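Step one of this worksheet: look at the structure below.
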Amino acid sequence: MVITKFRVASRSKIGVAIKIGLLAVLFTPAGMLRAEPAAPAREEDGKFFDAEGNPTYRIKADGTVDWYTYSGFRRYHGDCHSCHGPDGAGSTYAPALADSLKNMTYQQFTEVVIQGRQVARSGNTSVMPSFGTNQNVVCYMDDIYVYLRARAEGALNRGRPEKRDEKPQAAKDAEATCLGGG
Ligand code: HEC
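Each residue of the sequence shown is one higher than the one before, starting from 29 at the first, in this note's numbering.
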């Protein structure tokens, strides 16, 4: 009997908690949600995901970044920084991705990077090249995304992250498959 009562009570408490959670989501502007540093909801072999299943970063209290964030830093500075500036800070030529990602979803980001974009503005054509066939970008899309996401959400300072996790076996396997064309 006591157990039954307890179950009923705790179930209704959960119900209230869910309702409060829903209200918080409903009354929080989407832009704010994206710009807040948040703990990842799930880990899979050293790779981190948010509650919606999108890739995200994990930065420990001592500043150690997960492998993918570190890898993204390197890939970004290999293929993107010449136009978008060091650390995602932008240039006179291309926007600061550390700002862009405050308002872009993971899907929107990958679409622009794969397809590229051309926009005519006051006589000039602004060109974001397509990287859809560049393995150095496509095979590290999530890495670049989580690095820029960490910058956009204010979780990571400018410059090379000093401490990082070891490269997970899953990252080595995925890289071999992707670069091998398999
Ligand atoms: C040759 C220069 C150049 C390179 C290299 C480049 N970009 Fe761009 N990118 C641009 C320009 C210019 C724009 C702005 C296009 C426009 O006017 O909408 C842009 C726009 C973007 C946007 C959309 C931003 C927004 O606010 O809408 C994303 C995302 C992006 N680039 C990601 C990348 C990534 C990731 C890389 C590296 C893999 C990269 N870019 C490399 C020039 C470049």
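Just so it is clear, CB atoms sit at the ideal spot from N, CA and C, and this is done for glycine as well. All values reported here derive from a predicted model rather than from experimental measurement.
query                                                                                   : result
N-terminal and C-terminal residue of the beta strand (DSSP E) that F77 is part of       : K75 to F77
Cβ shell of G118 (< 6 Å), same chain only, five flanking positions each side left out   : A124
L54 in three-state terms, based on DSSP                                                 : Residue confidence is low: L54 scores 47 on pLDDT, short of 50, so the model does not pin down where it sits. Its coordinate-derived value is still stated next. Helix at L54.
S154 - partner residues in DSSP beta bridges                                            : V147
R145 CB to nearest heavy atom of the ligand HEC below 6 Å                               : yes
Proximity test, Cβ basis, 7 Å: M132 and chain B                                         : Absence of chain B from the displayed structure is noted, only one protein chain being present.
Endpoints, the alpha helix (DSSP H) within which E203 is located                        : Q197 to L207
DSSP state of P65 mapped onto helix, strand, coil                                       : coil
Cβ separation of F77 and P68, assumed to be a contact under 8 Å, to the nearest whole Å : 6 Å
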